[in-house]
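**Q** Every letter in the sequence shown is one number past the one before it in the working numbering, and letter 44, counting from 1, is 40.
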Amino acid sequence: MNNKEFITELAQRTGYTQSVTQTLVRNVIDQIAAYFDEGSVVAIPDFGTFEVKKRLERVVINPATQQRMLVPPKLVLNFRPTSAIKERLKIGGGHE
């Protein structure tokens, strides 16, 4: 499902126009991104938790040349789904 399909489906389910729905979704995403910038954890009930984690600097070795390289530290986004979502995926995703 791409963004256009998602907005169309959400607009049909909520009764809002596609432009209003697009604005609402954009505002939600912008607000979540602002929380990530602060380093906050974002928990969505019945879905999961998003968390920004720091990956430490590490040394990697190129297997072809045996050259050692230093990979600098960086921030990564981690998602931890709820157990209900994990269970739905185990039994086939719940497509209707």
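Cβ atoms here follow ideal geometry from the backbone N, Cα and C, with glycine treated the same way. Quick caveat: nothing in here was measured; it's all calculated off a predicted structure.
For N74, which beta-bridge partners are listed by DSSP?
**A** E47
**Q** With K49 and V72 assumed to form a contact (beta carbons below 8 Å), what rounded beta-carbon distance in angstroms separates them?
**A** 6 Å
**Q** Spatial neighbours of E47 within its chain, please: C-beta separation below 6 Å, excluding the five flanking residues on both sides.
**A** V37, N74
**Q** What residue does the beta strand (DSSP E) around A39 start on, and which one ends it?
**A** 38 to 40
**Q** Grouping DSSP H, G and I as helix and E and B as strand, with all else coil, what is L66?
**A** strand
**Q** For V55, collect the residues of the same chain with a Cβ closer than 8 Å to its Cβ; drop the 5 residues on either side in sequence, then sort them by chain order.
**A** Result list for V55: R64, M65, L66, V67, in chain order.
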